[in-house]
Amino acid sequence: MSAAGPGAGPAGQPPAAAPGCGAPAGGVAVTARAVGEAVIEGHVRRDGSPVTTGYARLIDGGGEFVAEVPLGGDGGFRFFAAPGSWTVRVLAPGGRRRDETVSAGYGQVTRVELAI
Amino acid sequence: MSRTDVLVDADWVEQHLDDPGVVLVEVDEDTTAYDKGHIRTAVKLDWRKDLQDPVRRDFIDRHGFEQLLSGHGIGNDDLVVLYGGNNNWFAAYAYWYFRLYGHQRVRLLDGGRKKWELDSRELVTTVPDRPRTSYQAREQDTSLRAMRDEVIAAIGKQNLVDVRSPDEFTGKLLAPAHLPQEQAQRPGHIPTARNVPWSRAANDDGTFKTDAELQALYGGEAGLDFSKGTIAYCRIGERSAHTWFVLHELLGQPDVKNYDGSWTEYGSLVGVPIELGEPR
């Protein structure tokens with residue numbers, strides 16, 4: 001089995017025990033795991049300020065939902081993906097939405113800075 | 117059963133959250149979400165600490181459920197409105213759990229916490245103080261819950277719906293990579309299961325798709341035979357509770373069970389059949 005898979009958590013927050021199918025409370029540890037992972041992370045801003053209420057969704061090349069996280073206090077998000085092409089979809093209040101296609105690879109951190 | 121018997125929308129909640137006899141309950145995968153802000157008058161249930169037996173892998177028993185709801189000031193006649201994050205996964209799990217113990221007046225907030233936030237509706241941090249009740253639960257309704265032997269017996273005979281992602285279904289992944297402690301021993305899926313990821317039943321804002329869209333998805337595209345019983349499963353039973361809600365509560369299929377043991381149990385059983393790869 002591949003060591004990588006879809007995981008997610010608000011960026012810049014400390015890790016906690018992982019309880020279930022979704023993101024653990026407070027986010028996911030990145031520093032210890034990023035070396036062998038295909039990390040996609042970034043921030044969402046509006047008029048230069050972080051968007052703190054909203055969601056980032058990771059969609060695979062077949063259009064399937066993989067993971068979704070609420071944006072962090074700095075507008076950040078982070079996904080542990082597998083190598084390949086992905087779509088990051090951001091949803092925010094006011095019907096704001098943006099899709100961004102990105103490529104991820106093992107041992108890489110793909111950064112996505114989005115303005116909505 | 118109509119959609120309004122099992123779902124309420126955000127406008128309804130805003131209009132009725134102060135009504136006597138209406139109790140809002142937030143259940144999240146991220147159990148800290150409630151503490152950061154919740155719908156005014158809502159109480160919190162922690163799906164791990166409150167709903168699981170602290171020693172065995174099983175639910176709290178009937179007496180424990182009675183004590184839990186009594187302590188949260190929930191009465192037998194109250195209308196319980198459940199909502200939560202991540203497209204209502206754990207709220208749907210709690211909905212199924214409440215029905216398991218016989219609570220009849222229960223609804224899901226369509227879209228859950230995400231829709232509420234995207235609408236920029238009010239969230240507060242004040243925790244309500246509800247007077248204790250004397251809640252009386254029923255014995256578990258086993259017609260809603262599948263156990264492992266029943267799942268094995270259903271192979272090739274009933275509808276088995278694997279609601280995990282395609283990569284988990286085919287065996288490429290055992291689980292999302294940040295959850296290694298809850299992996300099964302073997303990857304794959306139960307033979308004859310159809311892979312219908314839970315997310316296909318939801319819109320981007322977390323609301324459920326229309327009945328016509330859901331009927332087309334499960335009865336058409338997925339090819340479920342509704343003349344047979346159906347068992348839904350995922351990894352630990354919360355995503356499949358979402359699908360159970362769609363099939364049993366929205367589409368009105370009478371014989372639908374949630375297998376909460378799901379892949380973490382099945383994928384660790386000795387001697388049971390497993391398939392890898394695409395469905396045959």
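For the record, the sequence lines run as chains A and B.
Sequential numbering of the first sequence, starting at 1, is according to our numbering.
Sequential numbering of the second sequence, starting at 117, is according to our numbering.
The C-beta atom is built at its ideal place from N, Cα and C for all residues, glycine as well.
Here the structure is a predicted model, which is why all the values come from computation and not from measurement.
Within its chain, find whatever has a CB closer than 7 Å to the CB of residue 342/B; leave out the 5 residues flanking it on each side and keep chain order.
335, 369
What residues from the region 199-216 of chain B come within 9 Å of chain A, judged by C-beta to C-beta, listed N to C?
201, 202, 203, 205, 206
Using 8 Å as the limit for Cβ to Cβ distance, is residue 114/A near chain B?
no
Could you confirm whether any beta carbon from chain A is found closer than 8 Å to the beta carbon of residue 236/B?
yes
If we cut at 8 Å on Cβ distances, does residue 395/B have a partner in chain A?
no
Contact between the region 144-162 of chain B and the region 182-202 of chain B (3+ Cβ pairs under 8 Å)
yes
Where residue 229/B falls: helix, strand or coil (DSSP):
helix
Quick one: using the 10 Å Cβ neighbour count with 16 as the cut-off for buried, is residue 101/A buried or exposed?
exposed
Answer yes or no: do residue 161/B and residue 141/B have a C-beta to C-beta separation smaller than 8 Å?
yes
Under 8 Å between C-beta atoms, does residue 315/B make it to chain A?
yes
For the region 385-392 of chain B against the region 233-243 of chain B, are there 3 or more C-beta pairs whose distance is under 8 Å?
no
Please specify which runs of the beta strand (DSSP E), each continuous and at least 3 residues long, are wholly inside the region 159-212 of chain B, giving them in chain order.
159-162, 195-199
Classification of residue 179/B by the beta-carbon crowding that lies within 10 angstroms, buried from 16 upward
exposed
Okay, do the region 163-174 of chain B and the region 241-261 of chain B touch, 3+ Cβ pairs below 8 Å being the bar?
no
Check each candidate in 209/B, 270/B, 325/B and name the one with the smallest Cα separation from residue 358/B.
209/B
Chain A contact residues for residue 282/B, given Cβ-Cβ distances below 9 Å
60, 62, 64
Give the DSSP-derived three-state secondary structure of residue 285/B in the structure shown.
helix
For residue 118/B and residue 366/B, I'd like the C-alpha separation in whole angstroms.
7 Å
So, residue 349/B versus residue 264/B, is the Cβ gap smaller than 8 Å?
no
Specify, as a first and last residue, the run of the alpha helix (DSSP H) that residue 66/A falls within.
Unbroken run through residue 66/A is the beta strand (DSSP E), 65-70; no alpha helix (DSSP H).
Can residue 307/B and residue 182/B be called in contact, C-beta distance under 8 Å?
no
Alpha carbons only, please: which of 112/A, 69/A, 59/A is nearest the one belonging to residue 313/B?
59/A
Cα-Cα separation, residue 345/B to residue 364/B
11 Å
Indicate whether at least one CB of chain A lies closer than 8 Å to the CB of residue 320/B.
yes
What are the boundary residues of the alpha helix (DSSP H) that residue 130/B is part of?
126-132
Should residue 332/B be labelled buried (16 or more other beta-carbon atoms within 10 Å of its own) or exposed?
exposed
Report buried or exposed for residue 54/A, applying the criterion of at least 16 other Cβ atoms within 10 angstroms of its Cβ.
buried
Check whether the Cβ atoms of residue 380/B and residue 351/B lie closer than 8 Å to each other.
yes
Residues in the region 73-92 of chain A having any Cβ partner in chain B nearer than 9 Å:
80, 82, 89, 91, 92
Any beta carbon of chain A sitting closer than 8 Å to that of residue 344/B?
no
Just the Cα atoms here: how many angstroms apart are residue 45/A and residue 95/A?
15 Å
Closer than 8 Å, CB to CB, is residue 255/B near chain A or not?
no
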